[in-house]
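Participant: Chains as they are written, first to last, in my numbering: chain A, 71 to 654; chain B, 391 to 1075. C-beta: ideal position from N, C-alpha, C; glycine also.
1. Is the segment 831-839 of chain B touching the segment 789-808 of chain B in the sense that three or more CB pairs, one from each, lie closer than 8 Å?
2. Measure from the alpha carbon of residue 818 of chain B to the alpha carbon of each residue in B:522, B:682 and B:593, then state which is nearest.
3. What does residue 817 of chain B reach in chain A if we use C-beta pairs closer than 8 Å?
4. Could you run through the segment 732-743 of chain B and flag, in chain order, every residue whose CB is less than 8 Å away from some CB of chain A?
5. So, at 8 Å on beta carbons, what are the nonlocal neighbours of residue 97 of chain A in its own chain, with the 5 sequence-adjacent residues on each side left out?
6. Grouping DSSP H, G and I as helix and E and B as strand, with all else coil, what is residue 669 of chain B?
7. Applying the criterion that 16 or more other CB atoms from any shown protein chain within 10 Å of the CB defines a buried residue, is residue 654 of chain A buried or exposed?
8. Determine the DSSP secondary structure at residue 1069 of chain B, reduced to helix, strand or coil.
9. Could you give the DSSP three-state label for residue 646 of chain B: helix, strand or coil?
10. With a CB to CB cut of under 6 Å and the five nearest residues on each side skipped, what residues in its chain are close to residue 473 of chain B?
11. Quick check on the burial criterion: 16 or more other C-beta atoms within 10 angstroms. Buried or exposed for residue 914 of chain B?
12. For residue 486 of chain B, report the span of its alpha helix (DSSP H) as first-last.
13. At what residues does the beta strand (DSSP E) containing residue 718 of chain B begin and finish?
14. In this structure, does DSSP put residue 648 of chain A in helix, strand or coil?
15. Could you tell me if residue 72 of chain A is buried or exposed, where buried requires 16 or more neighbouring beta carbons within 10 angstroms of its beta carbon?
16. Please list the partners that residue 489 of chain A has in chain B, where partner means a Cβ-to-Cβ separation under 9 Å.
17. For the segment 134-153 of chain A, enumerate the residues whose C-beta is nearer than 9 Å to any C-beta of chain B, in chain order.
18. Ends of the beta strand (DSSP E) at residue 532 of chain A?
19. Just to make sure I have the definition right: I need the residues of chain B whose C-beta is within less than 8 Å of the C-beta of residue 506 of chain A. Which are they?
20. Anyone know if the C-beta pair for residue 162 of chain A and residue 130 of chain A falls short of 8 Å?
21. Report the three-state DSSP secondary structure of residue 622 of chain B (helix, strand or coil).
22. Rounded to the nearest angstrom, what separates residue 279 of chain A and residue 1056 of chain B at their Cα positions?
23. Using the three-state DSSP reduction, which class does residue 952 of chain B fall into: helix, strand or coil?
24. Report yes if the CB atom of residue 233 of chain A is closer than 8 Å to the CB atom of residue 224 of chain A, and no otherwise.
25. Would you grab the beta carbon distance between residue 761 of chain B and residue 811 of chain B for me? Rounded to a whole angstrom, and I think it's under 8 Å.
26. Does any residue of chain B have a CB that is nearer than 8 Å to the CB of residue 65 of chain A?
27. Going by other Cβ atoms of all chains shown within 10 Å of its Cβ, with 16 needed for buried, is residue 1040 of chain B buried or exposed?
28. Leaving out five residues on either side along the sequence, give the residues of the same chain with a beta carbon under 7 Å from the beta carbon of residue 968 of chain B.
29. On the three-state DSSP scale, how would you describe residue 447 of chain B?
30. Check whether the segment 607-617 of chain A touches the segment 564-579 of chain A, taking contact to mean three or more Cβ pairs, one atom from each stretch, closer than 8 Å.
31. Kindly list, in the order they appear in chain A, the residues whose Cβ is closer than 9 Å to that of residue 825 of chain B.
32. Less than 8 Å separating the beta-carbons of residue 99 of chain A and residue 136 of chain A?
33. With burial defined as no fewer than 16 other Cβ atoms inside 10 Å of the residue's Cβ, what is the status of residue 81 of chain A: buried or exposed?
34. My guess is that residue 399 of chain B and residue 406 of chain B are in contact by the Cβ rule of under 8 Å, so how many angstroms apart are they, rounded?
35. Where does residue 572 of chain A sit, in a helix, a strand or coil, going by DSSP?
36. With H, G and I counted as helix, E and B as strand and the rest as coil, what does DSSP make of residue 579 of chain B?
This is how it looks when you write it as structure tokens:
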């Protein structure tokens, strides 16, 4: 076996060709993404769009990514490196699968990565890849995300880098292994084939591009695009004030040790165009599945830097070279195998918020209170409709943190999460579930000069026996306010609220047995507020009351605003407000 | 006396008119300055122009109008004060919308906000009722409570109410009763029911579409009523008065007034419909339309004489789940700026020089190079014949701008820099074309590029060549192209019904029953619009997907289905899936999600006039010879005046064709002929 040929990138670069190649790469990743969304099978890919695509160079560095899920920018290179480590006979017509968080860079096992190599004139020129969340990849609970997992062995089927296609022929043995290990084999294989189709499209277009410009010129442009993104990022960082900044955030618990918050701690040191993020002060690795692997930490930092520097920057692995990351082995940010990782998302949100928390010291104009994080609920069972087993999966946002100049958004995805909400009519048509309430929660936004966004309340009736899992966050530790702003309301999950058998579940919990007729209510957290609530424009408070976002009691207590009621409308009681605001 | 057709497309600056004499087939065009405060004034002015030529108003038998009234009201937030009624407990549907942020920069942008809601919660009422996924009523409508809620909306002074109840697309009874009660409690209030506007599964998209309709309908209805009055007063009393819709079909004045949301893309649809006529006239059935102006470029696809239509889209960030012509817009125009940043990267757009200061060569103080400046440097544009010589361009200023901002920082020749900038903008437009063509399984070798707009014909040949397209068409009147499209569009009404059905368990009769229901509706509507039976045509289609898949594909079919047709349909679905997405799953179950039916009321066709050769020689059209740069080399190039190019003449590139409102550049080897409609047909080099 011989390693694939490589091409030496030519050094001198034509500025025009660079831009043409850049625009073409944008088109290619867009095309891959469109194809993946449209052909996805599972609810997660098709309705929630929990999937993303990237184009990599021969070393596995992301050259272009159509950004749907920012976190994956850290995952792709790690997955690709695993393939490069495992195989020295990569050939045209190959395809690889990997979902192993330690071998590769998948956040957790359900995030399956499909990678295909691209060749030009016999030489490896790059890879096309996608990561898409699978509804179920086995393990003890439907959806494969057990909040009580203590090892990755409780987290479903793990594939190290394996060859899924050779000579464009699928390895049906791998498919059979996957099928035997999933509660929803058709959906998982259907999604994987959709990913493969998307990769092949990308490969074809990459080939056309290289055919047109020549491999040496095209690859030189890839290098240059990486370098440009790094230089842009560094140049922006160089303009920031030097210093050492520190912040911490907490995750409710790790799912196993229920009364023990998990600490994420970061020290940011910035000098010249160097910036480093040191997480060694974070907690030791968790017993439960709250751990995250370093590729995700990198993705989270990149997310924050892009947000603070320029949301329009050309996104590729070059950005990752613009900062240094330090984690401690055996800690929550760099756990040792086989520490469980499946409900990584709360930790990533806490990481993003800690990094923002540290960096807004440099840039107060971009200040932002903490947000709701993200959560998913998973119901699994045997459908009364089709007799097949099913996994109903929903991803929910909540309140966004207030910003330096305006209120937070309500009922939104936040930070690096960006899933669509599943339509009620689709859920009820496919699964034995009925939604009985879907609204925003009044008074859930943190108070402040700018108010946090409101959380979401969804109530359900379960129509058949099912196994219920949730992986949420901020049910115990509320989203922080900023600059004297109040905290957002915490989230909550209660089964059979106000009825016999009422039970509050922990923030992350797996495999609660629901009976047909059981109800449950999910509240998602509100965003934190920003600034002094007593400095909020009273007219805005009155408007919030009339729109049902804030109660009159909260207005009086938290904002120092009194109102009088005429019919169904409230108007400002100026003198009472003046008094309220004076006595504080 | 001859009958006349009159069409008008209202644009931001000009209202464009086309008059057709149905007997002689003579076509005349006119431009009148638009009157944005009341667009009907400009329309009347155009009507008067026709009447002034001696045409009796009663002989105007057909009037069709492309309007931006809805689009602008949405854009500027000038719709009416609306209320919203939702199923009790489900206010979150509108508040949360899709929940996600648009892909790309918005995910990173801390300051990103969704478009402001058209109805606040204080004007949102809840209706105690509930229908299940199978259409069963779980909770009957509480009419007393509803009446109370509606009275509260009345106190809020709403002019329109949108109603969107869960599963109303299956069981519209509750929504209909809600309307009766609103009519009783708030007489004269406009009511939009989601079960009528778009009876389709997925509550948020249905709700969003219905709210936009409620928000715009009273505005559009008032406008149409006023326009109709004015036309009647002017003697134009024909019942055949139509408005162009986003789906490329026309609708009568009265039908349009009820479904304003269907007109949010009325304006651009005209240009696409004109291109369809070009299909008929030129014989090319597959086109990509390419409309490049000062700041943006719109592209759309026409396959087998049918424009590509998408069933859902966003207009100004708001979700509209109605069929609309699929127009892809990219930020690329004559005014798009080129610059080299401090990292040595040459970027082109998305910033534009705008009208002020405009391109450097306009001599209005601009010193940054635009696409127009680059075209002037390259010789694609001449200094003296821009807008027929009414506006002089300054080549020295263009060169200076390109030199300072691009050539010197990159160490390039000025011409090479200008050529590079044009290549980059062309690639961006090529990607926009790929997004609607090759990305959906179409082979561009079978397509002609139809270029219009001020800058389209300048770039068209280069783009068509890069994309390997069959050639380029430059129509005779690129400047009033949208109004031409209104001359002979058909009336088109779209009907939809969602019923999730497993294809394997379905039978032809059950499928036919749903189509029959929709067809009866369509035929009744067209009959009301006085279309005789023999001018009514029905098109059927099914939205299908692999069970559990996220997107449906629309497959045309013929109805009623006969025994065995379902098997054929299944195969057709697999094939279409393979073609569009590159893979297929013939063993997976397939579901029908929605039935679609289009009722077409065919308007008598009008043949556009053809021209006879006058015998004028090609040399007579030659105005000058100037150097033009192609692929790095300067070539001496003849410049022809379009107006003097005789029918039937042929010539080869390199050549430039100038006309009043645009310039066409033909690269070396391109073969040009002038067809009998005086279109330029340019074959691949």
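Facilitator: If we stick to the structure as given:
1. no
2. B:682
3. 89, 90, 93 and 94
4. 732, 733, 734, 735, 736, 737 and 738
5. 275
6. helix
7. exposed
8. coil
9. helix
10. 513, 543, 548 and 551
11. exposed
12. 482-486
13. 717-720
14. helix
15. Caution is warranted here: a pLDDT of 43 is assigned to residue 72 of chain A, below 50, making its placement in the model unreliable, and the coordinate value is therefore given only provisionally. Residue 72 of chain A comes out exposed.
16. 489 and 490
17. 136, 137, 138, 139 and 140
18. 526-532
19. 479
20. no
21. helix
22. 25 Å
23. coil
24. no
25. 7 Å
26. Coverage of chain A is limited to positions 71 through 654, which leaves residue 65 of chain A absent and any answer about it impossible.
27. exposed
28. 974
29. helix
30. no
31. 97, 100, 101 and 104
32. yes
33. For residue 81 of chain A, the predicted model reports a pLDDT of 48, less than 50, meaning its position is unreliable; a value from the coordinates is still stated below. Exposed is the call here.
34. 5 Å
35. coil
36. coil
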